[in-house]
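In what follows, a single structure is set out as structure tokens and then discussed.
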């Protein structure tokens with residue numbers, strides 16, 4: 001009782017320390033901040049939700065919580081899939097959604113400065129108006145925020161050519177655990193003055209500080225892409241085609257794979273004409289000035305590796321139609337039941353082996369698992385379909401999920417390519433990282449947050 | 461006396477703890493390890509030089525030195541320009557030169573695994589045999605080692621298109637201060653499992669650990685480049701042309717600038733036919749499949765911005781001739797006297813302003829300063845020519861050097877683009893970094909090296 005009383009008093013003290021219009025206390029509202037889009041993660045309504053409007057207010061929030069010893073979990077758009085935004089019992093949620101301005105777009109030096117709450121697609125649209133490209137395009141691009149993208153080092157379909165979010169972050173403004181404001185990085189493209197704190201905060205999932213401003217590097221907008229869709233009788237043929245495409249030496253701007261299960265689910269949702277003979281689909285784009293030539297060579301690589309069909313187009317509407325299959329992958333799988341989306345990454349040469357193992361796991365556990373993802377960089381999203389209401393189905397799904405993650409590690413891969421560790425994969429992180437790495441990571445975390453108030457229980 | 465005696469005993473204890481054939485004790489040999497290629501940095505012969513042949517031996521060296529409290533300074537090829545490899549009094553130097561194997565080249569996943577002592581150009585040549593490119597090409601490419609390149613996040617002429625060394629480092633093996641072996645990163649292109657320790661060690665200049673293995677990401681080898689040389693009556697015209705080239709939306713694979721002073725020095729050394737009317741030279745390359753088309757549009761950008769002449773070639777020999785001017789820049793300036801090379805980086809739009817300020821500084825201090833460098837990414841190398849033997853000349857050179865660094869900061873730039881802080885710019889780092897950043901950097905350093913044995917006095 002005394003512990004609970006202690007927490008309650010501190011929460012009251014925190015409310016008293018902050019402007020009334022940046023604090024949510026209504027239990028009906030708090031409950032909607034209990035979780036992100038992850039499954040199999042604990043859910044607790046936060047003690048409070050803080051909605052700061054400025055860096056100074058973020059600083060005040062953190063300094064006050066720090067003083068009171070109240071844990072703080074930062075929440076972007078809540079679209080995460082690893083539970084990094086799920087508050088542990090008694091924690092306060094700090095939402096970045098009011099920090100939603102595009103501060104500056106510098107067309108000369110190709111830099112955008114944005115606040116963390118800006119939705120990713122809004123950043124992309126704003127810079128596109130100036131003929132510029134912000135490449136990262138996570139599947140959640142229309143709902144996720146830039147702050148969340150930075151906090152998980154989000155990727156997307158662009159990565160095979162352009163890299164991940166972190167490759168475009170030049171500088172950050174971060175509020176540290178005790179409320180101090182830290183600026184990392186710089187507006188220049190190169191620089192080696194001190195440690196690379198920017199990269200340390202990228203992917204740190206709210207455990208080292210609250211990101212309050214992001215300086216992004218932009219690229220000139222590329223040509224409109226040309227798209228190729230190729231079907232294959234089996235997975236191995238598609239895998240061989242991926243290697244052949246990479247071996248051309250020309251890097252596609254997209255190289256996505258759908259497996260048989262995913263294709264079947266898509267056909268059930270919205271028939272696109274894939275019959276039983278289609279064992280795998282590749283979707284390939286090029287946005288280079290030689291897109292037509294590139295696509296011809298990619299098509300050749302597919303046809304030389306047993307593609308049964310290949311269709312390409314440079315027309316925007318036709319391209320959108322071809323991409324429809326990729327866009328429907330998750331919605332189609334979702335229709336089959338409850339879903340648990342994994343996010344593993346293996347060396348590109350091991351993708352076929354990974355998917356083959358996933359197929360075996362599906363048979364063994366008696367569950368449906370659709371696999372789709374970024375074949376060009378080895379980052380796949382095996383998606384386990386199960387029935388949330390049945391304990392045996394839940395257990396089978398979780399066993400399958402764990403077996404997939406295990407398989408990725410065995411194939412020289414990682415437990416998470418772009419979704420982060422959050423609370424879903426903390427036990428797995430201890431498997432991936434050697435003791436020395438765990439010790440160093442914990443030491444860095446402790447150096448930055450000695451009182452352990454930032455997202456306790458997440459990541460490490 | 462007792463302190464010195466204490467050090468001597470510990471040095472003897474260290475010798476006793478290590479295999480005899482990895483320790484240099486001959487004073488005549490030790491003196492050659494007193495410094496790198498920097499000027500105006502303190503020089504002291506190390507107490508010992510350690511030449512470990514394996515990661516285990518590096519671990520033994522560090523564990524022993526740690527136990528004895530002896531400071532250790534890691535030395536790559538000794539080509540650094542900031543004094544990071546200059547041992548403070550009483551320190552031991554650990555050379556990585558015997559760790560010089562190329563461990564693996566994986567052509568399928570485009571990865572090279574190399575030991576730190578391998579010379580950069582040897583890595584580039586080895587992967588080129590497999591049709592692959594390791595892009596980073598610091599000016600020291602033929603003499604510097606990969607370990608040193610990683611430790612300073614070295615750049616080069618490739619950066620405008622390809623980025624810096626760190627952009628190609630996927631994973632590291634590092635021996636920590638106490639001898640423990642840490643593996644960071646992974647062989648996959650994407651991954652967000654835990655903090656990005658790899659980026660933390662890149663550019664850390666031997667202050668966080670000793671790099672014993674580097675896993676590099678490779679690219680397909682590009683087409684042979686086409687080269688453009690354009691001359692301009694003045695700096696502003698060249699600066700406008702740089703912006704116009706960038707504005708084409710096509711990224712050149714090289715975009716280098718030489719100022720009037722540098723051109724004059726080159727003409728003195730080896731007449732290439734630049735007369736008094738040449739105020740600036742741009743050297744531009746494209747290695748894309750559309751190189752000819754790219755070079756035509758770059759040439760147009762130059763001619764529309766008052767270029768007095770523009771010559772281009774796709775022939776390898778002719779290209780080499782055109783590049784001769786860039787290659788001779790530093791040797792030509794060196795012939796004018798002793799030199800102090802700066803390494804500042806400003807946003808690309810401020811390059812002309814930076815060089816203009818450098819010209820003013822040269823007049824004010826009565827010294828010659830040639831400016832050349834990477835106009836495409838704003839990283840310039842103003843080179844102060846002075847007379848080492850004259851105290852007044854030395855003082856003027858140092859004042860000019862400091863004024864240049866100051867100007868870079870005022871223009872929103874950084875004190876070092878690619879050479880590192882070392883011992884030359886520690887005071888400047890305290891100017892560039894805000895107190896919060898200094899505090900965080902020091903806390904991280906202390907977390908990794910609590911006894912402060914790694915490169916004390918360097919960087920922070």
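Chains as they are written, first to last, in this note's numbering: chain A, 1 to 460; chain B, 461 to 920. We treat Cβ as the ideally placed atom computed from N, Cα and C, and that holds for glycine.
Of the listed residues the options, nearest to residue i (C-alpha basis)
i, options, result
"residue 583 of chain B", "B:612, B:508, B:676, B:527", "B:676"
"residue 201 of chain A", "B:586, B:900, B:919", "B:900"
"residue 112 of chain A", "A:103, A:453, A:238", "A:103"
"residue 512 of chain B", "B:503, B:524, B:647", "B:524"
"residue 765 of chain B", "B:699, B:657, B:477, B:816", "B:699"
"residue 762 of chain B", "B:910, B:694, B:806", "B:694"
"residue 885 of chain B", "B:893, B:894, B:875", "B:875"
"residue 800 of chain B", "B:777, B:774, B:846, B:878", "B:846"
"residue 17 of chain A", "A:48, A:33, A:35, A:27", "A:48"
"residue 117 of chain A", "A:254, A:95, A:20", "A:95"
"residue 181 of chain A", "A:406, A:258, A:58, A:453", "A:58"
"residue 130 of chain A", "A:144, A:119, A:105, A:147", "A:105"
"residue 338 of chain A", "A:413, A:370, A:145", "A:370"
Start-to-end residues for the beta strand (DSSP E) that takes in residue i
i, result
"residue 374 of chain A", "368-374"
"residue 312 of chain A", "309-313"
"residue 210 of chain A", "210-217"
"residue 690 of chain B", "686-692"
"residue 604 of chain B", "That residue, residue 604 of chain B, is in no beta strand (DSSP E); it is neither H nor E in DSSP."
Start-to-end residues for the alpha helix (DSSP H) that takes in residue i
i, result
"residue 526 of chain B", "515-528"
"residue 235 of chain A", "235-247"
"residue 646 of chain B", "That residue, residue 646 of chain B, is in no alpha helix (DSSP H); it is neither H nor E in DSSP."
"residue 199 of chain A", "197-201"
"residue 488 of chain B", "487-490"
"residue 899 of chain B", "895-908"
"residue 535 of chain B", "Looking at the DSSP string, residue 535 of chain B is not in any alpha helix (DSSP H); the run it does join, the beta strand (DSSP E), is 532-535."
"residue 631 of chain B", "No alpha helix (DSSP H) contains residue 631 of chain B, which is instead part of the beta strand (DSSP E) from 629-635."
"residue 429 of chain A", "426-432"
Burial state of residue i (16 or more Cβ within 10 Å)
i, result
"residue 384 of chain A", "buried"
"residue 861 of chain B", "buried"
"residue 462 of chain B", "Since pLDDT at residue 462 of chain B reaches only 45, below the 50 mark, its modelled position is unreliable, and no value is offered."
"residue 575 of chain B", "buried"
"residue 364 of chain A", "exposed"
"residue 500 of chain B", "exposed"
"residue 673 of chain B", "buried"
"residue 379 of chain A", "buried"
"residue 498 of chain A", "Outside the modelled stretch of chain A, which goes from 1 to 460, sits residue 498 of chain A, for which no answer is possible."
"residue 720 of chain B", "buried"
"residue 462 of chain A", "Residue numbering for chain A in the displayed model covers 1 to 460; residue 462 of chain A lies beyond these limits and cannot be assessed."
"residue 71 of chain A", "buried"
"residue 666 of chain B", "buried"
"residue 635 of chain B", "buried"
"residue 776 of chain B", "exposed"
"residue 54 of chain A", "exposed"
"residue 256 of chain A", "buried"
"residue 449 of chain A", "buried"
"residue 29 of chain A", "exposed"
For residue j and residue i, believed in contact at Cβ under 8 Å, the rounded distance
i, j, result
"residue 225 of chain A", "residue 287 of chain A", "4 Å"
"residue 785 of chain B", "residue 726 of chain B", "6 Å"
"residue 218 of chain A", "residue 134 of chain A", "6 Å"
"residue 282 of chain A", "residue 311 of chain A", "No, residue 282 of chain A and residue 311 of chain A are not in contact; Cβ-Cβ is about 11 Å, not under 8 Å."
Beta-bridge partners of residue i, as assigned by DSSP
i, result
"residue 385 of chain A", "A:339, A:368"
"residue 714 of chain B", "B:745"
"residue 564 of chain B", "B:573"
"residue 345 of chain A", "A:379, A:414"
"residue 721 of chain B", "Answer by DSSP bridge pairing: none, since residue 721 of chain B is not bridged."
"residue 95 of chain A", "A:75"
"residue 322 of chain A", "According to DSSP, residue 322 of chain A bridges with nothing at all."
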